[in-house]
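In what follows, a structure is listed as structure tokens, so that the remarks can point back to it.
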Amino acid sequence: MCSTWIALSAISTFILALVAIITAFKDEIISFFRKPELSISFEPFPPDYHKTILRRVNNPSIWADTYYARIKVHNSGKTKAENVEVLANKLYKILPDGKEKIVPDFIPINLFWTYFFDSPIYPHISPDSYRYFTLLRVVDPKMRHALDEDRTWDGIDPENTIIGFETFVKPYSKKNLQPAGKYIIELRISASNIPKSINHKVQIILTGKWSKDEERMYEDGIRINILNNKEN
């Protein structure tokens, strides 16, 4: 009988200790099982990809046809993602032999949330909801010379399109602008209530060709493919 009471006492002590631990770390345990789950997607039609116009900041009467590519961030988790940001972390150029070469002077900068210009950090994305961020734009090369940021500059054929990554800050070096080619950009998406940021790789193929027709432009001018979703 004594041994039975000792065993019961030990079990009771263990249960009380377990309850104390669960109580102390309740929020962490709940957040582990109910954490946000973020993924990205892209479709080659509006609103992900479409043609609109870009106006000159100090002279709105000057404008150019412009294609925008937007990436959808979807939260499939059971709680909202808080303070979400998208960092354009690294840029690789794909060489003719298929090897990836990092673009050394590309500056890691956060990207714009679509139609949200106050901050690179979006307050929250609710469960089973989504928000867009703008990845890049491609301006009609015939009008590029008239725009503040996209003016013709050394090393870029004025007849060819260029990639303009929609970074929250436009660096003086203009390294957010890149010539036609095949690229992979590494995006790092993070939120304040997600333990690890998630790295996403997106392939971008820009041929340099321009078309006013959206479907033809996507076939002959620019292609975008999501390659992976990977935790950092």
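Just add 30 to wherever you are in the sequence shown, counting from 1, and you've got our numbering. Cβ coordinates follow ideal geometry from the N, Cα and C atoms, glycine included. Since the structure is predicted, the reported quantities are computational estimates derived from the model, not experimental observations.
- Inter-segment contact for the segment 230-249 and the segment 126-144 is absent: fewer than three beta-carbon pairs are separated by less than 8 angstroms.
- Here Ile224 has Lys65, Pro66, Leu68, Ala111 as same chain residues with Cβ atoms under 8 angstroms from its own Cβ, once five neighbours each way along the sequence are excluded.
- In this structure Asn206 is buried. Its beta-carbon is surrounded by 16 or more other beta-carbon atoms within 10 angstroms.
- For the beta strand (DSSP E) assignment, the uninterrupted runs of no fewer than 3 residues enclosed by the segment 195-259 are, from N- to C-terminal side, 207-209, 211-220, 228-236.
- Between Gln208 and Lys123, the alpha-carbon positions lie close to 10 angstroms from each other.
- Pairing Gly211 with Met173, the inter-Cα distance amounts to about 20 angstroms.
- Within 10 angstroms of the beta-carbon of Glu115 lie 16 or more other beta-carbons, which makes it buried.
- For Trp93, the enclosing beta strand (DSSP E) has its first and last residue at 89-105.
- Nearest to Leu177 by C-alpha distance, out of Phe72, Pro76, Ile70, Asn89, is Asn89.
- Taking 8 angstroms as the cut-off, the beta carbon of Lys108 is found no closer than this to the beta carbon of Asp78.
- With fewer than 16 other beta carbons inside 10 angstroms of its own, Gly128 counts as exposed.
- Closest in alpha carbon position to His230, among Arg100, Asp135, Leu117, is Leu117.
- Secondary-structure assignment with DSSP links Thr191 through no beta bridge to anything.
- Membership of Phe163 in the beta strand (DSSP E) is indicated by the continuous run 159-169.
- C-alpha of Arg246 to C-alpha of Tyr202: approximately 33 angstroms in a straight line.
- Annotation for Lys242: Asp95 place their beta carbon closer than 7 angstroms to its own, counting only its chain and skipping 5 residues before and after.
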